[in-house]
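Residue numbers (the UniProt record's numbering), protein chains in the order written: chain A, 1 to 285; chain B, 1 to 328.
Step one of this worksheet: look at the structure below.
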Amino acid sequence: MTTPALPVYRRTPLRRLAGVDRLAVAGGVLLGIVVLAALLAPWIAPYPDDGGSATHPLESLLPPGGDHWFGTDQVGRDVFSRVLFGARTSLFIAVAVLAVSGAAGVLLGVVAGYAGGWARDVIMRVTDVFLAFPALLLSLALAVVLQPSVTTVIVAIAITWWPWYARLTASVAASVSTRGFVDSARCLGVPAPLIVLRHVLPNSLTPVLVQLSLDGGGVILTAAALSYLGLGAHEPTPEWGLMVQQGQSLFTTDWWVVTFPGLAILVTAFAFNVLGEGLRARLAR
Amino acid sequence: MTLLAAEGVTLAYGTTAVVHDVSLTVDEGGVGLIGESGSGKTTLARALLGLLRPRSGVVRYGSRDLAGLGRAGRAEFRRAVQPVFQDGSEALDPRMTAGASIAEALTTHHRVPRDERRDRVAALLAGVGLDPALAGRRPHEMSGGQRQRVAIARALAVEPRLLVLDEPTSALDVTVQARILELLEGLAADRGLGYLLITHNLGVVGRLCRTSSVLFAGRVVESGPTADLLTRPAHPYTRALRDAVPRLGGEPPRTAGRTEAAPAPTGCPFRLRCPWAADRCRDEAPELRELAGRKVACHRAEEVLTTPASSVARVPRDGGEAPDAPRQ
Chain A
1 MTTPALPVYR RTPLRRLAGV DRLAVAGGVL LGIVVLAALL APWIAPYPDD GGSATHPLES
61 LLPPGGDHWF GTDQVGRDVF SRVLFGARTS LFIAVAVLAV SGAAGVLLGV VAGYAGGWAR
121 DVIMRVTDVF LAFPALLLSL ALAVVLQPSV TTVIVAIAIT WWPWYARLTA SVAASVSTRG
181 FVDSARCLGV PAPLIVLRHV LPNSLTPVLV QLSLDGGGVI LTAAALSYLG LGAHEPTPEW
241 GLMVQQGQSL FTTDWWVVTF PGLAILVTAF AFNVLGEGLR ARLAR
Chain B
1 MTLLAAEGVT LAYGTTAVVH DVSLTVDEGG VGLIGESGSG KTTLARALLG LLRPRSGVVR
61 YGSRDLAGLG RAGRAEFRRA VQPVFQDGSE ALDPRMTAGA SIAEALTTHH RVPRDERRDR
121 VAALLAGVGL DPALAGRRPH EMSGGQRQRV AIARALAVEP RLLVLDEPTS ALDVTVQARI
181 LELLEGLAAD RGLGYLLITH NLGVVGRLCR TSSVLFAGRV VESGPTADLL TRPAHPYTRA
241 LRDAVPRLGG EPPRTAGRTE AAPAPTGCPF RLRCPWAADR CRDEAPELRE LAGRKVACHR
301 AEEVLTTPAS SVARVPRDGG EAPDAPRQ
């Protein structure tokens with residue numbers, strides 16, 4: 001007996017995109033621009049050396065113009081170039097924090113959600129302890145104790161960020177674990193770690209991914225805040241928060257030094273939020 | 001030979017007991033477990049599948065206690081006893097293709113080379129009457145009947161000796177239900193599979209199961225040869241269930257007593273819904289006892305058994321066709 005081949009529905013990138021909310025697309029495009037800026041900074045920055053420790057005392061504090069679109073800072077570095085390089089720092093911090101805290105939170109959450117019982121209690125109580133501290137305060141305290149650096153910023157934020165993912169993942173994983181396909185896998189005799197990795201984890205991930213993209217903006221803001229307070233990146237690292245801090249005293253006379261990095265923070269945080277919001281709206285549908 | 005048995009099993013969620021002191025034996029051939037929603041059927045099935053530990057009592061696989069099985073014994077139990085759940089869309093991982101779900105079952109206990117996997121998946125799909133091309137589809141790209149067939153193929157992949165069928169057709173359209181039941185009937189006959197069929201549908205049990213137990217409020221109220229239970233029920237509840245089967249051309253079905261009444265906390269749990277309820281039923285919970293080739297837990301079973309249908313239940317209006325033909 002032969003039956004004609006069935007047409008198989010394939011999810012092409014175009015079809016997938018068509019289903020995604022316009023809002024998410026807008027956020028994605030905006031974020032894409034920031035990511036491109038970060039990746040291509042050495043090639044598209046008009047003064048690549050200004051991303052580092054170069055100084056040009058004779059060109060200090062030039063207003064925006066043809067040579068320097070965003071003007072120059074106190075030591076004569078091109079602000080546009082530094083904003084481009086700053087995207088690298090900020091995105092690196094955001095990606096590192098989300099990866100570390102996301103991985104830790106999801107792993108603990110999925111184990112707690114599937115195992116239940118005392119394992120869940122232990123993991124969730126530890127999570128509660130971390131959540132009991134105000135996040136920014138804990139980050140600040142950690143950043144003060146550690147040496148100020150980009151790594152410090154990543155560690156300080158990641159430590160306050162993971163419990164949210166652990167809690168979210170645990171609740172999703174607990175409900176996924178009651179579903180028939182998990183029982184079915186248990187009845188097959190699939191070992192518990194494999195059930196968690198193969199069935200519970202992939203089916204618990206969507207809300208966490210949405211939360212991660214929503215949180216990208218928050219991480220960028222927090223990282224900028226830490227650097228602004230002198231607890232994070234330091235000279236000559238191009239970092240938006242640091243640039244804002246260095247330029248704020250000049251705001252009334254040389255507004256461009258503080259404004260453009262500030263705008264960069266705003267745009268990037270906004271892009272993350274819009275993308276996350278769009279993804280969430282799509283998920284809710 | 002007994003494959004799977006519950007002996008005096010009590011099951012509880014937290015402090016609430018859902019199943020009380022139930023004994024049940026599943027041997028080769030079909031066994032039915034009948035009861036309404038909330039009667040503890042599914043909870044009992046979970047215990048028989050080793051997904052839920054009994055609060056007291058023992059679930060036996062062959063002669064061994066399930067709770068005491070070692071690693072090897074447990075693997076053997078997993079290969080031997082497979083479930084088919086109510087809803088194929090629940091039982092299959094939504095992110096896995098049908099082929100991947102079946103392949104998971106194939107490779108859990110044995111190494112199967114990659115090229116051989118594909119052939120075996122195709123053979124299993126064909127075995128449940130599906131086009132092997134469906135292997136590439138995810139659950140949401142299939143119909144309910146197709147999903148349930150995939151779930152059955154997955155269960156059969158480990159070559160079990162016993163299936164626990166937990167309302168395998170209740171989520172399906174009537175026409176699809178009949179085909180799935182035919183499939184299960186055929187598979188069981190061809191492979192010599194034993195099965196426990198859990199359902200609220202008496203017609204289905206009458207067709208597929210030689211013996212049956214009726215569960216009410218977590219207790220077995222009657223068990224014995226299915227034909228006897230259906231034609232001459234000895235428990236008022238069994239009788240009410242039978243009379244509740246809707247029939248074409250007949251009067252509207254009678255409900256099983258006053259269905260809104262909760263199980264009674266003392267005495268016989270069914271007494272608040274029972275047309276035969278007497279003082280004794282309020283004071284004393286009936287024990288299961290032997291009567292007319294079956295076990296029944298009713299003080300007035302003899303009367304129930306001998307009361308003609310007309311005096312309690314309705315007589316079919318047309319009076320012609322055999323009223324117990326399976327209908328779903």
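Here a beta-carbon is modelled for each residue, glycine too, at the ideal position from N, C-alpha and C.
Predicted model only: the values in this text are computed from it and were never measured.
Between Arg154 of chain B and Gly129 of chain B, the beta carbon gap of about 15 Å keeps them out of contact (Cβ cut-off 8 Å). When secondary structure is reduced to three states using DSSP, Phe251 of chain A falls in the coil class, being assigned neither helix nor strand.
Residues of chain A with a Cβ closer than 8 Å to the Cβ of Pro94 of chain B are, in chain order, Phe181, Asn203. Straight through space, the alpha carbons of Val174 of chain B and Val205 of chain B are spaced by roughly 16 Å. Excluding sequence positions up to five before and after Glu167 of chain B, its CB lies within less than 7 Å of the CB of Gln86, Ile198, Thr199, all in the same chain and listed in chain order. Taking 8 Å as the upper bound on Cβ-Cβ separation, chain A lies near residues Leu49, Gly50, Leu51 of the segment 47-70 of chain B. Secondary structure at Glu290 of chain B: strand, using DSSP grouped into helix, strand and coil.
Take Asn203 of chain A, set aside five residues on each side of it, and the residues of its chain with a beta-carbon closer than 6 Å to its own are Val176, in chain order.
The residue among B:Thr108, B:Ala292, B:Lys295, B:Ala301 with its C-alpha nearest the C-alpha of Cys281 of chain B is B:Ala301.
For Val220 of chain B, the enclosing beta strand (DSSP E) has its first and last residue at 219-225. With a threshold of 8 Å between beta carbons, Val210 of chain A makes no contact with chain B. Within chain A, the C-beta atoms nearer than 8 Å to that of Phe85 of chain B come from Gly180, Asp183, Ser184, in chain order. Among the CB atoms of chain A, none fall inside 8 Å of the CB of Ala80 of chain B.
When secondary structure is reduced to three states using DSSP, Phe270 of chain B falls in the coil class, being assigned neither helix nor strand.
DSSP places Phe216 of chain B in the uninterrupted beta strand (DSSP E) bounded by 211-216. Residues of chain A with a Cβ closer than 8 Å to the Cβ of Glu90 of chain B are, in chain order, Arg179, Gly180, Phe181.
Around Gly224 of chain B, the same chain offers Thr211, Gly293, Arg294, Lys295 as residues with beta carbons nearer than 7 Å, after the five sequence neighbours per side are excluded. By the rule that beta-carbons nearer than 8 Å mark a contact, Thr108 of chain B touches chain A. Under the 10 Å beta carbon count, His199 of chain A is surrounded by 16 or more other beta carbons and is classified as buried. In the structure shown, Gln74 of chain A adopts coil according to DSSP, grouped into three states. When C-beta atoms of the segment 18-26 of chain B are compared with those of the segment 63-76 of chain B, fewer than three pairs fall below 8 Å, so the two segments do not count as touching. At a cut-off of 8 Å between beta-carbon atoms, Val158 of chain B makes contact with chain A.
Nearest Cα to Tyr237 of chain B within the set B:Ala6, B:Leu215, B:Thr43, B:Thr226: B:Leu215. Neighbours of Ala75 of chain B in chain A, taken as residues whose beta carbon is under 9 Å from its own, are Gly189 in chain order. Residue contact with chain B for His199 of chain A: present (Cβ-Cβ distance below 8 Å to some residue of chain B). When A:Ile123, A:Val129, A:Leu98, A:Ala170 are compared, the shortest CA-CA separation from Val110 of chain A is found for A:Ala170.
Residue burial is scored here from C-beta neighbours: Val196 of chain A has at least 16 other C-beta atoms within 10 angstroms and is therefore classed as buried.
Under DSSP, the beta-bridge partners assigned to Gly32 of chain B are B:Leu197, B:Ser212. Scanning its chain for C-beta atoms nearer than 8 Å, with the 5 sequence neighbours on each side dropped, one finds around Thr55 of chain A the residues Val75, Gly76, Arg77, in chain order. Between Ile34 of chain B and Ala297 of chain B, the alpha-carbon positions lie close to 15 Å from each other.
For Arg60 of chain B, the enclosing beta strand (DSSP E) stretches over residues 56-61. Sequence-distant partners of Tyr47 of chain A (beyond 5 residues in either direction) whose C-beta falls short of 6 Å from its own C-beta, in its chain, are Asp78, Ser81. Within the same chain, Cβ atoms closer than 6 Å to the Cβ of Ala87 of chain A are found at Val34, Ala37, Ala38, the five residues on either side in sequence being excluded.
Assignment of beta-bridge partners to Gln82 of chain B by DSSP yields B:Leu163. Non-local beta-carbon contacts of Pro42 of chain A in its own chain, meaning distances under 6 Å to residues more than five positions away in sequence, involve Pro48 in chain order.
Around the beta carbon of Tyr13 of chain B, fewer than 16 other beta carbons lie within 10 angstroms, which makes this residue exposed.
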